[in-house]
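Undergrad: I'd like to ask you about the structure that follows.
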Amino acid sequence: MTTPERDDASRDDLPSQTAISAEIERIREEDARSVVPRTQPRIDFAPYRSSILRHPTKDLHQADPETIELASPVWGHQDVSPLEADLTIQRNGEPIGERIRISGRVVDGDGRPVRRQLVEIWQANAAGRYVHKRDQHAAPIDPNFTGAGRALTDDEGTYSFLTIKPGPYPWRNHRNAWRPAHVHFSIFGTEFTQRMITQMYFPGDPLFPLDPIYQSITDQHARDRLVAQYDHDSSEHEWLLGYRWDIVLTGSHATWTERDGGADHV
Amino acid sequence: MSDDATAGAPVATPGQTVGPFFHFGLPYAGGESLVPTSHPGAVRLHGTVTDGDGDPIPDAMLEIWQADEQGNISTEPGSLRRDPYVFTGWGRAATDAAGHYRFTTVNPDATDEGSAPFISVCVVARGLLNRLFTRAYLPEDAASLAADPLLSSLDEERRPTLLGTREEGGALRFDVRLQGENETVFLQFPRHDA
Numbered sequence: 001m002t003t004p005e006r007d008d009a010s011r012d013d014l015p016s017q018t019a020i021s022a023e024i025e026r027i028r029e030e031d032a033r034s035v036v037p038r039t040q041p042r043i044d045f046a047p048y049r050s051s052i053l054r055h056p057t058k059d060l061h062q063a064d065p066e067t068i069e070l071a072s073p074v075w076g077h078q079d080v081s082p083l084e085a086d087l088t089i090q091r092n093g094e095p096i097g098e099r100i101r102i103s104g105r106v107v108d109g110d111g112r113p114v115r116r117q118l119v120e121i122w123q124a125n126a127a128g129r130y131v132h133k134r135d136q137h138a139a140p141i142d143p144n145f146t147g148a149g150r151a152l153t154d155d156e157g158t159y160s161f162l163t164i165k166p167g168p169y170p171w172r173n174h175r176n177a178w179r180p181a182h183v184h185f186s187i188f189g190t191e192f193t194q195r196m197i198t199q200m201y202f203p204g205d206p207l208f209p210l211d212p213i214y215q216s217i218t219d220q221h222a223r224d225r226l227v228a229q230y231d232h233d234s235s236e237h238e239w240l241l242g243y244r245w246d247i248v249l250t251g252s253h254a255t256w257t258e259r260d261g262g263a264d265h266v
Numbered sequence: 267m268s269d270d271a272t273a274g275a276p277v278a279t280p281g282q283t284v285g286p287f288f289h290f291g292l293p294y295a296g297g298e299s300l301v302p303t304s305h306p307g308a309v310r311l312h313g314t315v316t317d318g319d320g321d322p323i324p325d326a327m328l329e330i331w332q333a334d335e336q337g338n339i340s341t342e343p344g345s346l347r348r349d350p351y352v353f354t355g356w357g358r359a360a361t362d363a364a365g366h367y368r369f370t371t372v373n374p375d376a377t378d379e380g381s382a383p384f385i386s387v388c389v390v391a392r393g394l395l396n397r398l399f400t401r402a403y404l405p406e407d408a409a410s411l412a413a414d415p416l417l418s419s420l421d422e423e424r425r426p427t428l429l430g431t432r433e434e435g436g437a438l439r440f441d442v443r444l445q446g447e448n449e450t451v452f453l454q455f456p457r458h459d460a
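From first to last, the protein sequence lines are chains A and B.
This note's numbering puts the first sequence at residues 1 to 266.
This note's numbering puts the second sequence at residues 267 to 460.
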């Protein structure tokens with residue numbers, strides 16, 4: 001029976017950070033010898049212990065997307081209220097923490113804006129605690145913060161959330177393991193094949209080299225794509241700090257098929 | 267993929283695991299009900315998500331995306347706040363403590379004459395570092411299944427992992443095995459990097 005990362009506090013046989021870091025480094029060196037750098041995480045990445053039994057061991061099967069896979073669900077104003085993009089007004093009072101705005105553009109693999117698609121986020125509060133019954137971290141719950149939001153991208157592919165900077169938190173992957181502060185993102189494209197779920201990080205986090213989830217992306221340039229930039233232009237006078245994070249989805253196949261004539265299907 | 271046609275194109279942002287705490291962020295009331303159970307064509311789609319030891323995964327989530335009973339792909343909004351008279355074709359369900367997920371939906375018809383009807387499935391879980399795509403085919407139409415390009419490209423022994431099982435009463439069972447014996451076939455589409 002598996003347990004969530006933070007349960008099972010009695011276990012004392014956790015590996016050290018040194019051991020985990022050595023494993024991360026070994027895999028990184030192995031991947032560095034590859035001609036084509038990996039741009040996505042390895043799904044087989046043992047330093048993240050929960051992945052060991054939960055990744056397919058057979059190669060993903062190459063398939064041409066067909067019919068339904070080339071379309072995407074449609075979202076409208078009945079799905080998402082503009083208020084859902086403000087995570088600071090969901091309760092009766094102001095949440096504690098650094099007020100921030102996270103904004104950016106969602107584009108596809110050809111650089112085209114992804115319009116009117118759904119972006120969902122969820123995160124810990126400023127103390128690193130999630131509103132989740134399985135989060136046992138001994139940090140306070142903020143009665144004024146839930147930490148989940150939704151938005152639709154506009155015609156330029158732009159999204160924007162008002163929230164609180166989440167705190168780092170401990171987990172049970174190894175001894176003294178801490179996740180770098182992050183915001184979970186879920187994004188839809190114009191095709192279901194572009195569906196993606198990821199985590200956005202904050203610049204300069206000292207926990208980056210130690211974190212096996214972040215380090216499962218073994219190429220530094222690829223990892224950097226998950227780190228937002230501090231954006232002074234979107235900071236607001238005596239109110240909040242701005243972060244910018246742009247998201248690139250995989251390329252759509254409609255274009256790919258037309259331009260390359262490369263797909264076997266019509 | 268970085269051939270000439272895509273050189274200079276932006277590189278996709280990497281995925282990351284959905285983690286253990288997505289339940290307050292992603293699942294929502296009615297997410298698993300693409301149609302009400304009172305719908306005349308309502309079908310239960312359900313199954314268990316298991317790991318390499320065959321143990322159920324209680325913190326996985328599935329999304330399905332499918333055509334309607336006439337093979338039409340919906341362009342209607344409203345999946346998050348459903349109108350029971352409008353079929354949007356998309357749903358989301360987390361697994362329960364026993365690793366079991368369940369949707370109420372309809373059997374999709376083929377989107378093209380003679381093609382094999384299937385439901386597109388996206389799987390995420392704690393411990394799974396990137397989302398996975400697969401397909402749940404309806405098991406009935408042997409001729410169209412035999413002619414299906416994807417199924418035909420698979421080894422005999424792996425093909426059944428993509429076929430739903432029709433149960434008594436009409437429910438469609440589709441188990442997802444992330445690893446090990448009868449590991450589900452997961453898909454990589456062109457323009458998806460490793």
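Note that the Cβ used here is the ideal one computed from N, Cα and C, for glycine as well.
#1: Under 6 angstroms Cβ to Cβ from THR158/A, same chain only, skipping five residues before and after it: list those, please.
#2: So, does the segment 43 to 54 of chain A touch the segment 223 to 237 of chain A, judging by three or more C-beta pairs under 8 angstroms?
#3: From this set, PRO276/B, HIS289/B, ASP317/B, which residue's C-alpha is nearest GLY446/B's C-alpha?
#4: For LEU152/A, is the classification buried or exposed, using 16 other Cβ atoms within 10 angstroms of its Cβ as the cut-off for buried?
#5: Beta carbons nearer than 9 angstroms to chain A: which residues of the segment 340 to 355 of chain B have them?
#6: Are the CB atoms of SER252/A and GLU156/A nearer to each other than 8 angstroms?
#7: Measuring only the C-alpha atoms, how far is VAL277/B from ILE197/A?
#8: Just how far apart, CA to CA, sit GLY262/A and HIS458/B?
#9: Give the single residue among ARG401/B, PRO383/B, PRO280/B, GLU379/B whose Cα lies nearest to the Cα of VAL389/B.
#10: Using C-beta distances below 6 angstroms, list every residue in its chain close to PRO185/A, excluding the 5 sequence neighbours before and after it, in chain order.
#11: How about THR217/B and ARG439/B: are their beta carbons less than 8 angstroms apart?
#12: Kindly indicate if chain A contains any beta-carbon less than 8 angstroms away from that of HIS458/B.
#13: Whose Cβ in chain A lies nearer than 7 angstroms to the Cβ of THR283/B?
#14: So, does the CB of GLN78/A fall closer than 8 angstroms to a CB anywhere in chain B?
#15: Along the chain, where does the alpha helix (DSSP H) containing PRO415/B start, and where does it finish?
#16: At 8 angstroms on the CB atoms, spell out the chain B contacts of PRO56/A, in chain order.
#17: What distance in whole Å lies between the Cβ atoms of ARG91/A and THR218/A, which are believed to be in contact at a cut-off of 8 angstroms?
#18: Hey, how far is the Cα of GLY76/A from the Cα of PRO47/A?
#19: Who are the neighbours of ASP378/B on chain A, taking C-beta pairs under 8 angstroms?
#20: Going by beta carbon distance, what residues of the same chain come within less than 6 angstroms of ASP441/B, once the five residues before and after it are set aside?
#21: At a CB distance below 9 angstroms, what residues from the segment 31 to 57 of chain A approach chain B? Give them in sequence order.
#22: How should ILE20/A be labelled, buried or exposed, when 16 other C-beta atoms within 10 angstroms of its C-beta is the threshold for buried?
#23: Going along chain B, which residues have a C-beta under 7 angstroms from ASP110/A?
#24: Between which two residues does the beta strand (DSSP E) harbouring GLN123/A extend?
#25: Against chain A, does LEU232/B count as a neighbour if the rule is that its beta carbon must be under 8 angstroms from one of theirs?
TA: Looking at the coordinates:
#1: ARG105
#2: no
#3: ASP317/B
#4: buried
#5: SER340, THR341, GLU342, PRO343, GLY344, SER345, LEU346, ARG347, ASP349, THR354, GLY355
#6: no
#7: 16 angstroms
#8: The predicted position of GLY262/A is uncertain, since its pLDDT is 39 and thus under 50; a value taken from the coordinates is nonetheless stated next. So the alpha carbons of these two residues sit roughly 14 angstroms apart.
#9: ARG401/B
#10: According to the sequence as given, residue 185/A is Phe; it is not Pro. Closer than 6 angstroms at the Cβ level, and outside the excluded window around PHE185/A, lie ILE121, THR198, MET200.
#11: Chain B is shown from 267 up to 460; residue 217/B falls before or after that span and cannot be answered.
#12: yes
#13: ILE213
#14: yes
#15: 415 to 418
#16: LEU398, LEU444, GLN445, GLU449, THR450, PHE452
#17: In fact, because the Cβ distance is near 40 angstroms, the residues do not count as touching under 8 angstroms.
#18: 41 angstroms
#19: THR67
#20: GLY313, THR314
#21: VAL36, ARG38, THR39, GLN40, PRO41, ARG42, ILE43, ASP44, PHE45, TYR48, ARG49, SER50, SER51, ILE52, LEU53, ARG54, HIS55, PRO56, THR57
#22: buried
#23: ALA275
#24: 118 to 123
#25: Only positions 267 to 460 of chain B appear in this structure, which leaves residue 232/B out of reach.
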